[in-house]
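Taken in sequence, the protein lines are chains V and E.
Each residue of the first sequence is one higher than the one before, counting from 423 in the numbering used here.
Each residue of the second sequence is one higher than the one before, counting from 620 in the numbering used here.
All residues carry an ideal CB built from backbone N, CA and C; glycine is no exception.
Single-structure report; data block below.
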Amino acid sequence: EAGVAQSPRYKIIEKRQSVAFWCNPISGHATLYWYQQILGQGPKLLIQFQNNGVVDDSQLPKDRFSAERLKGVDSTLKIQPAKLEDSAVYLCASSRGTGELFFGEGSRLTVL
Amino acid sequence: GENVEQHPSTLSVQEGDSAVIKCTYSDSASNYFPWYKQELGKGPQLIIDIRSNVGEKKDQRIAVTLNKTAKHFSLHITETQPEDSAVYFCAASHEDDYKLSFGAGTTVTVRA
Chain V
423 EAGVAQSPRY KIIEKRQSVA FWCNPISGHA TLYWYQQILG QGPKLLIQFQ NNGVVDDSQL
483 PKDRFSAERL KGVDSTLKIQ PAKLEDSAVY LCASSRGTGE LFFGEGSRLT VL
Chain E
620 GENVEQHPST LSVQEGDSAV IKCTYSDSAS NYFPWYKQEL GKGPQLIIDI RSNVGEKKDQ
680 RIAVTLNKTA KHFSLHITET QPEDSAVYFC AASHEDDYKL SFGAGTTVTV RA
């Protein structure tokens with residue numbers, strides 16, 4: 423079974439620029455999560471989708487972050503405009519709803 | 620929301636010795652407690668989980684214990700091997716949504 427795919431793996435941008443991350447979950451997994459992992463910290467949930475509907479986006483900074491899940495499969499996370507404190511690894515995970523989350527390798531963002 | 624605290628932040632053990640990581644959580648409604656292992660450049664991977672109807676669970680060299688009254692749970696790794704070196708995260712959530720709140724992580728180093 424193919425794992426969760428994420429791209430790009432690395433991205434360096436200047437502050438106030440925009441960036442987008444893409445995630446392709448494991449086939450058949452209805453639930454998709456985006457987590458932010460700042461260096462030296464545990465992952466922090468940004469948004470949870472069930473199929474193509476948002477379950478929880480209470481921790482998503484909506485003034486600059488947006489996310490969508492097209493047709494209940496792929497998802498994109500966008501940051502516009504980026505701030506220095508957005509430097510982190512953005513992890514996408516998917517689940518079939520039984521508890522275990524399957525994480526991708528993450529997209530590392532550096533904001534200069 | 621849920622707050623998960625994890626100790627210690629770093630742990631160095633001799634190969635063959637045991638490693639213990641402890642976590643506490645704040646939300647008494649949480650009833651699902653997974654442990655994830657994250658290797659450098661990879662996403663976290665589930666190694667074991669426990670639900671609130673169980674006090675202890677073992678899987679080969681790994682065991683997890685849960686004390687719901689005290690709101691703490693622990694990971695025990697016996698007969699440690701070099702490949703156990705990684706960052707370990709505890710997490711907590713409710714089985715209704717599996718929105719995991721992660722601890723800050725423990726960097727385990729197994730010395731040969």
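Residues bridged to residue i [DSSP beta-bridge criterion]
{"i": "E:D588", "result": "Here chain E covers residues 620 to 731 and nothing more, so residue 588 of chain E does not appear."}
{"i": "E:P653", "result": "E:D668"}
{"i": "V:Q481", "result": "Partner(s): none; V:Q481 has no beta bridge."}
{"i": "V:I469", "result": "V:W456"}
{"i": "V:G475", "result": "V:Q472"}
{"i": "E:T726", "result": "E:T629 and E:V706"}
{"i": "E:H695", "result": "E:V639 and E:A682"}
{"i": "V:L499", "result": "V:F443 and V:A489"}
{"i": "V:Q428", "result": "V:C445"}
{"i": "V:V533", "result": "V:I435"}
Partners in chain E for residue i, counting only beta-carbon separations shorter than 9 angstroms
{"i": "V:Q458", "result": "Within chain E, no residue comes near V:Q458; the closest Cβ sits about 11 angstroms away, beyond 9 angstroms."}
{"i": "V:Q439", "result": "Those do not exist, as V:Q439 stays about 25 angstroms from chain E at its closest Cβ, beyond 9 angstroms."}
{"i": "V:S516", "result": "By Cβ distance, chain E contributes nothing, its closest Cβ being about 11 angstroms from V:S516, past 9 angstroms."}
Contacting residues, own chain, Cβ-Cβ under 6 angstroms from residue i (five flanking each side not counted)
{"i": "E:F721", "result": "F708 and A710"}
{"i": "E:P653", "result": "L665, D668 and A710"}
{"i": "E:V706", "result": "Q657, G724 and T726"}
{"i": "V:C445", "result": "Q428, S497 and C514"}
{"i": "E:E673", "result": "In the sequence as presented, Glu is not what sits at residue 673 of chain E; that position holds Val. The answer is none, since no qualifying residue turns up."}
{"i": "V:Q470", "result": "Y455, V477 and D478"}
DSSP state of residue i mapped onto helix, strand, coil
{"i": "V:G494", "result": "helix"}
{"i": "E:L630", "result": "strand"}
{"i": "V:H507", "result": "Per the sequence presented here, residue 507 of chain V reads as Glu, with His not at that position. Residue state, collapsed to three classes: helix."}
{"i": "E:D678", "result": "strand"}
{"i": "E:E658", "result": "coil"}
{"i": "E:E621", "result": "coil"}
Chain-order list of residues whose beta-carbon lies under 8 angstroms from that of residue i (same chain, five-residue window excluded)
{"i": "E:A731", "result": "E634 and P701"}
{"i": "E:E621", "result": "Y644, S645, D646, S649, A711, S712 and S720"}
{"i": "E:S628", "result": "A723, G724, T725 and T726"}
{"i": "V:G450", "result": "R518"}
{"i": "V:G526", "result": "G425, V426, A427, Q428, C445, L513, C514 and A515"}
{"i": "V:K466", "result": "Y457, Q458, Q459, I460 and Q481"}
{"i": "V:N473", "result": "A452, R491 and G494"}
Amino acids of chain E, ordered along the chain, whose beta-carbon sits closer than 8 angstroms to that of residue i
{"i": "V:D478", "result": "D716 and K718"}
{"i": "V:Q470", "result": "D716 and K718"}
{"i": "V:L467", "result": "K718, L719 and S720"}
Cβ-based neighbour list, residue i, same chain, cut-off 7 angstroms, excluding 5 preceding and 5 following
{"i": "V:L523", "result": "Y455, A515 and S517"}
{"i": "V:P430", "result": "S529"}
{"i": "E:T697", "result": "S637 and R680"}
Any non-hydrogen atom of the ligand GTP closer than 8 angstroms to residue i Cβ
{"i": "E:I640", "result": "Ligands are entirely absent from the displayed structure, and the ligand GTP is therefore not among its contents."}
Contacts of residue i in chain V (Cβ-Cβ under 7 angstroms)
{"i": "E:Y651", "result": "G521"}
{"i": "E:P701", "result": "Those within 7 angstroms of E:P701 in chain V number zero; the least Cβ separation is about 22 angstroms."}
{"i": "E:A723", "result": "Q463 and G464"}
{"i": "E:L659", "result": "Chain V residues near E:L659: none, gap ~11 angstroms exceeds 7 angstroms."}
{"i": "E:L630", "result": "Ordered by position in chain V, no residue passes the 7 angstroms Cβ test against E:L630, which lies about 15 angstroms from the chain."}
Contacts of residue i in chain V (Cβ-Cβ under 8 angstroms)
{"i": "E:G674", "result": "In chain order: nothing, as chain V lies at least about 18 angstroms away."}
{"i": "E:L694", "result": "Neighbours of E:L694 on chain V: none; closest Cβ ~14 angstroms, over 8 angstroms."}
{"i": "E:D668", "result": "G521 and E522"}
Residues that residue i contacts on chain E, provided the C-beta gap is smaller than 7 angstroms
{"i": "V:L513", "result": "G662"}
Any C-beta of chain C under 9 angstroms from that of residue i
{"i": "V:K484", "result": "Annotation note: the requested chain C is absent from the structure, which comprises protein chains V and E."}
Contacts of residue i in chain V (Cβ-Cβ under 9 angstroms)
{"i": "E:D646", "result": "Simply none; closest approach about 14 angstroms."}
Between the segment 425–439 of chain V and the segment 474–487 of chain V, are three or more C-beta pairs nearer than 8 angstroms?
Because the criterion of three Cβ pairs below 8 angstroms is not met, the segment 425–439 of chain V and the segment 474–487 of chain V do not touch.
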